[in-house]
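S.K.: My structure is below; once you've seen it, I'll send some questions.
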Amino acid sequence: MHDIFLQANSLSVDLQADVFDCFGGSVLQLRDLSVDTVSPVVKWQWEVRFTGGEALVSSQQFPEFIVPTGSSGTVKLTATSKNGCVQTAEKSFETGQGKPGGYIASTRLEACLGEVIGLNPGTPSNISFRYHWEPAEGLSDTSAVNPTLTVTKDAVYKVTITPLNGLCDTVVEVEVIVVDQTPASFSQTLQCDGLSVLLTNTTPGAPLGRWIIGDPANPVLDTTAATLTYTFPSAGAYPVTLVTLNRCPDTLVSSVSVPGPFLNADFSLKLAGCTTSENQIQFEDRTSNLLNNTNSWFWTTSDGQTSTQKDPIFLFDDQTDSVTVTLVAGTTQGCRDTIIRKVRVKLVDFPSVSPPATVLVCPGVPTPLHVNGSPDYRYAWSPSSGLSAVDVPNPVVTTSNNITYQVVLSDATGVCDTLVNVQVVVADFKVVAPPSQVLVCPDIPTPLNPNGNSLYVYSWSPATGLSATNAPNPSVTTNQDVTYQVRISDPLNNCDTTVTVQVKVVDFRRWRRLPWLSFAAAFLPGSTRMPIPCTVMNGPRQPG
1 MHDIFLQANS LSVDLQADVF DCFGGSVLQL RDLSVDTVSP VVKWQWEVRF
51 TGGEALVSSQ QFPEFIVPTG SSGTVKLTAT SKNGCVQTAE KSFETGQGKP
101 GGYIASTRLE ACLGEVIGLN PGTPSNISFR YHWEPAEGLS DTSAVNPTLT
151 VTKDAVYKVT ITPLNGLCDT VVEVEVIVVD QTPASFSQTL QCDGLSVLLT
201 NTTPGAPLGR WIIGDPANPV LDTTAATLTY TFPSAGAYPV TLVTLNRCPD
251 TLVSSVSVPG PFLNADFSLK LAGCTTSENQ IQFEDRTSNL LNNTNSWFWT
301 TSDGQTSTQK DPIFLFDDQT DSVTVTLVAG TTQGCRDTII RKVRVKLVDF
351 PSVSPPATVL VCPGVPTPLH VNGSPDYRYA WSPSSGLSAV DVPNPVVTTS
401 NNITYQVVLS DATGVCDTLV NVQVVVADFK VVAPPSQVLV CPDIPTPLNP
451 NGNSLYVYSW SPATGLSATN APNPSVTTNQ DVTYQVRISD PLNNCDTTVT
501 VQVKVVDFRR WRRLPWLSFA AAFLPGSTRM PIPCTVMNGP RQPG
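Those letters in the sequence shown? Residues 1 to 544, by the numbering used here.
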């Protein structure tokens, strides 16, 4: 018994058929291109068939045949490798097409000075004929199918093409013509803003060009527009490059000078007056003009107001916080510049900078009255007793008694003012503390501290059963007794107290024999217990 191993056919058959037309016949030059990845090809069987003739055969690897000019046919190659693999390939051919000279794409080549070109790019690089080019001056290789040339002048090159058997040859002339180069040119026109320049390509016969702007802030700008308006970042001289896009491009680098913006619209605003319902804002023109010829102004606001005055006054109600303002400034030469800016017109906003109506302080402890006071406003406090100062946004008060202050607020310019009262309350924890005991019904939310005051800071613990741990009067929901502690302090934590609250859940079994007993007020006057929001009605005694 013998093991037999099978493998895929490793032979790939291919061929090349090159036609060389001569007088009285054509040379059919064949090349084997077969490849076997396992063993070499050792046998070739060629068969050439054409119209009106008998089949031609050969066993050479690279045979040549003479066939009639103007005929067509097929070439069949059967190749055999050393390991016995056999494959066949077939291609068609046609003579009388003027080959190989017909492969040359053009016998007249136009090129630019300094351009590198190939003299014969249309011929397959692997064609199996001999080429000889002359003169040799400037050519990369006189025997190459497609030699390259760096063009320096007009020239004519002659190539002689010969098949391998030398039966005949073909001579072709290739003329190289240097194309005239049109010098690039462009114009520049400074725009009204003093920074923008209109660039126009004026190169004859080359309406399009590639612009390269030498702006360090925008070094990658690259466009092919016929005209280009570019705004430079600041005054100065900038290199601008134009590369024409005609057959032979030319490059022009020229300096473009910009003087900088001679017209720059701008404005400021200030409070001109106020009433209880509106602010009067004056807009002042701050346009800069190097030519000093500004002669027109057009103002518009996003709420519909307009003016052509230089420094107009607009009215805005107290509900309007900001608007978008547009100013168009014009000059005698027709230049215009526009600025659009969103500005705050609520220049007086007393509610946002007024002190709170009530401030909680600890007895004898210095306490700031207005932590949100704004230095952009003026403050005048009275009376002065107990205050660290009377002309600051946030004076410190030291007192052991309740007292009421008045403060006059005005804007920084003193155009508008208002009067605010501030009541200083000395902390009294007994008044705002919860009772020591609270009766609740099982699982019914019950408030713990109806006397709670939001001026104070509360911190309850534990959190179990509470609706909140930092509220003055949280609700408790529980079905069992629990003891809470609450820390009460002023907002600045200068003084505090801690109170214990016992929450007792009502046990209805203790009250079954009391007819129509209501727990809504189940404690005597003066008791520290809270009433409970539930009732129970006497009924039959239940077991247990």
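We treat Cβ as the ideally placed atom computed from N, Cα and C, and that holds for glycine. All values reported here derive from a predicted model rather than from experimental measurement.
In whole angstroms, what is the alpha-carbon distance linking G205 and S288?
M.R.: Going from the Cα of G205 to the Cα of S288 covers about 43 angstroms.
S.K.: Any contact between the stretch 243 to 250 and the stretch 380 to 394? By contact I mean 3 or more CB pairs, one from each, below 8 angstroms.
M.R.: Judged by Cβ distances under 8 angstroms, the stretch 243 to 250 makes no contact with the stretch 380 to 394, as fewer than three pairs qualify.
S.K.: Can you tell me whether DSSP reads Y405 as helix, strand or coil?
M.R.: Note: Y405 maps to strand in three-state DSSP.
S.K.: Whole-angstrom Cβ separation of N494 and C362, contact assumed at under 8 angstroms?
M.R.: With a Cβ gap of about 4 angstroms, N494 and C362 count as contacting.
S.K.: Any contact between the stretch 126 to 143 and the stretch 45 to 59? By contact I mean 3 or more CB pairs, one from each, below 8 angstroms.
M.R.: These segments do not touch.
S.K.: Do V253 and V197 have their beta-carbon atoms positioned less than 8 angstroms apart in this structure?
M.R.: Contact flag unset, no.
S.K.: Kindly indicate the opening and closing residues of the beta strand (DSSP E) around V422.
M.R.: Start and end: D417 to V426.
S.K.: Since P351 is in the alpha helix (DSSP H), which residue starts that stretch and which ends it?
M.R.: It spans F350 to V353 - the alpha helix (DSSP H) in which P351 sits, taken as one unbroken run.
S.K.: Helix or strand or just coil, what does DSSP make of G526?
M.R.: For G526, the predicted model reports a pLDDT of 39, less than 50, meaning its position is unreliable and no value from the coordinates is stated.
S.K.: Taking the alpha carbon of R210 as the point to measure from, which residue in T74, D376, R49 and T251 has its own alpha carbon closest?
M.R.: Of the candidates T74, D376, R49 and T251, the one whose C-alpha sits nearest the C-alpha of R210 is T251.
S.K.: Check V499 in the structure and name its three-state DSSP category.
M.R.: Here V499 sits in strand by DSSP.
S.K.: On the CB-based measure, 16 or more other CB atoms within 10 Å of its CB, does T170 come out buried or exposed?
M.R.: Its Cβ being crowded by 16 or more others within 10 Å, T170 is buried.
S.K.: According to DSSP, simplified to helix, strand and coil, what is V179?
M.R.: V179 falls in the coil class under three-state DSSP.
S.K.: Between G373, E284 and V415, which lies nearest to A329 when the distance is taken from Cα to Cα?
M.R.: The shortest Cα separation from A329 among G373, E284 and V415 belongs to E284.
S.K.: Return the Cβ separation of V345 and N279 in integer angstroms, given the expectation that the two are a contact with Cβ distance under 8 angstroms.
M.R.: That belief holds up - the Cβ atoms of V345 and N279 are roughly 6 angstroms apart, short of 8 angstroms.
S.K.: In this structure, how does DSSP classify D14 when only helix, strand and coil are distinguished?
M.R.: Looking at D14 - three-state DSSP - the assignment turns out to be coil, as it is neither helix nor strand.
S.K.: With which residues is L56 paired in a DSSP beta bridge?
M.R.: V48, per the DSSP bridge assignment.
S.K.: Measure the C-alpha to C-alpha separation of E175 and V38 and round it to an integer number of angstroms.
M.R.: In a straight line, the C-alpha of E175 is about 49 angstroms away from that of V38.
S.K.: Check the DSSP bridge columns for P239 and list the partner residues they point to.
M.R.: Answer is S255.
S.K.: Which residue's Cα is closest to the Cα of T348: Y377, I177 and T326?
M.R.: First, the residue type needs correcting, since residue 348 is Val and not Thr in the sequence shown. Nearest of Y377, I177 and T326 to V348, Cα basis: Y377.
S.K.: How is the beta strand (DSSP E) around G86 delimited, first residue to last?
M.R.: Note that residue 86 is Val in the sequence shown, not Gly. It spans V86 to E94 - the beta strand (DSSP E) in which V86 sits, taken as one unbroken run.
S.K.: For A522, I'd like the list of residues in its chain whose CB is within less than 6 angstroms of its CB, leaving aside the five on either flank, ordered along the chain.
M.R.: In this prediction, A522 has a pLDDT of 38, which is less than 50 and means its spatial position is unreliable; what the coordinates show is noted afterwards. Once the five neighbours on either side are set aside, A522 has no close Cβ partner at all.
S.K.: Give me the DSSP bridge partner(s) of D337.
M.R.: Bridge partners of D337: A329.
S.K.: Sort out for me which residues DSSP pairs D411 with in a bridge.
M.R.: For D411, which the question treats as bridged, DSSP gives the partners Y377.
S.K.: When the Cβ atoms of the stretch 60 to 79 are set against those of the stretch 26 to 34, are three or more pairs found closer than 8 angstroms?
M.R.: Touching, per the Cβ criterion.
S.K.: Once you ignore the five residues that flank R108 on each side, which residues in its own chain have a CB closer than 7 angstroms to its CB?
M.R.: Closer than 7 angstroms at the Cβ level, and outside the excluded window around R108, lie E175 and I177.
S.K.: Taking the DSSP output, what are the residues bridged to V440?
M.R.: Bridge partners of V440: V505.
S.K.: Between which two residues does the beta strand (DSSP E) harbouring F298 extend?
M.R.: Segment T294 to T301, the beta strand (DSSP E) holding F298.
S.K.: Output the distance between the C-alpha atoms of P375 and Y405, rounded to the nearest integer angstrom.
M.R.: C-alpha separation (whole angstroms): 20 angstroms.
S.K.: Using only CA atoms, which one of D411, N453 and S410 lies nearest to K430?
M.R.: Taking only the C-alpha atoms, the option nearest K430 is N453.
S.K.: Counting pairs of beta carbons, one from the stretch 85 to 104 and one from the stretch 148 to 156, are three or more of them closer than 8 angstroms?
M.R.: No, they do not touch.
S.K.: Are the Cβ atoms of G101 and V172 separated by less than 8 angstroms?
M.R.: Yes; because the gap between Cβ atoms is below 8 angstroms, this pair is in contact.
S.K.: According to the Cβ coordinates, are A433 and V499 closer than 8 angstroms?
M.R.: For A433 and V499, yes; Cβs fall inside 8 angstroms.
S.K.: Going by C-alpha distance, which of E137, S92 and Q282 is nearest K270?
M.R.: When only C-alpha atoms are compared, the closest one is Q282.
S.K.: Looking at the secondary structure, which residues open and close the alpha helix (DSSP H) in which V432 lies?
M.R.: Unbroken alpha helix (DSSP H) run through V432: F429 to V432.
S.K.: Looking only at DSSP bridge pairs, what is N289 linked to?
M.R.: L263.
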